[in-house]
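Mapped onto numbering that gives the first Met the number 0, the consecutive letters of the sequence shown carry residue numbers 0 to 136.
Below: the structure, in structure tokens.
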Amino acid sequence: MNYYSITIFKEVNMNIFLWILQILLALHTVIGAVWKFSNSEQTVSSLKAIPHTIWLIMSIIEMFCSLSLILPALKKPLGILTPIAAICITTEMLFFSVLHIYSGDTNYGPMIYWLVVAAICAFIAYCRFLLKPIHLT
Numbered sequence: 000m001n002y003y004s005i006t007i008f009k010e011v012n013m014n015i016f017l018w019i020l021q022i023l024l025a026l027h028t029v030i031g032a033v034w035k036f037s038n039s040e041q042t043v044s045s046l047k048a049i050p051h052t053i054w055l056i057m058s059i060i061e062m063f064c065s066l067s068l069i070l071p072a073l074k075k076p077l078g079i080l081t082p083i084a085a086i087c088i089t090t091e092m093l094f095f096s097v098l099h100i101y102s103g104d105t106n107y108g109p110m111i112y113w114l115v116v117a118a119i120c121a122f123i124a125y126c127r128f129l130l131k132p133i134h135l136t
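As structure tokens, then:
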């Protein structure tokens, strides 16, 4: 195999890896949106400061983000939606983490979870903005 073949192979593998991450993140986000409809502010004590109406709005936004992560598979011009959705989810996860810190809750499990999800979303956004934009794959 020459250098060009190896480069193409790496690019194809990276694209497949990103699509797998996007599909998993879309599923995660849909599940999170459904969870928010079930009074999630009562299950995580640090999130009680968020009014229920805001939870419902966040659920709707998450549904759109989930669609934006996978719709470009069907229509490539929608590819710009993927990094935007990933940034929205990153922002939400960071918001939850900051709220958790300010609540004084000493259980850091939820915050670690949110930060890991935020890191994955940031990686997807970076890759889909700069490394492997969908409209170019």
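C-beta atoms are modelled at their ideal positions from N, C-alpha and C, and glycine is treated no differently.
Just so you know, these numbers come straight off a predicted model, no measurement behind them.
Three-way DSSP call (helix, strand, coil) for residue i in this model
i: Asn-106; result: coil
i: Ile-132; result: The question names Ile, but residue 132 in the sequence shown is Pro. Reduced to three states, the DSSP call for Pro-132 is coil.
i: Pro-82; result: helix
i: Thr-89; result: helix
Contact set for residue i: own chain, Cβ-Cβ below 6 Å, skip 5 residues either direction
i: Val-29; result: Ser-65
i: Ser-102; result: Ser-45
Exposure of residue i, with buried meaning 16 or more beta-carbon neighbours within 10 Å
i: Lys-35; result: buried
i: Pro-76; result: exposed
i: Val-11; result: exposed
Distance, residue j Cα to residue i Cα
i: Ala-85; j: Lys-47; result: 25 Å
i: Gly-78; j: Ile-100; result: 34 Å
i: Ala-121; j: Thr-89; result: 6 Å
i: Val-97; j: Leu-114; result: 10 Å
i: Glu-61; j: Pro-82; result: 14 Å
Sequence-distant residues of the same chain with beta carbon closer than 8 Å to residue i, five excluded per side
i: Leu-17; result: Ile-123, Cys-126, Arg-127, Lys-131
Residue i: CB within 8 Å of a non-hydrogen atom of the ligand ATP
i: Ala-32; result: Summarising the ligand content, the structure contains no ligands, and the ligand ATP is consequently not present.
Contact check, residue i vs residue j, beta carbons under 9 Å
i: Ala-25; j: Met-57; result: no
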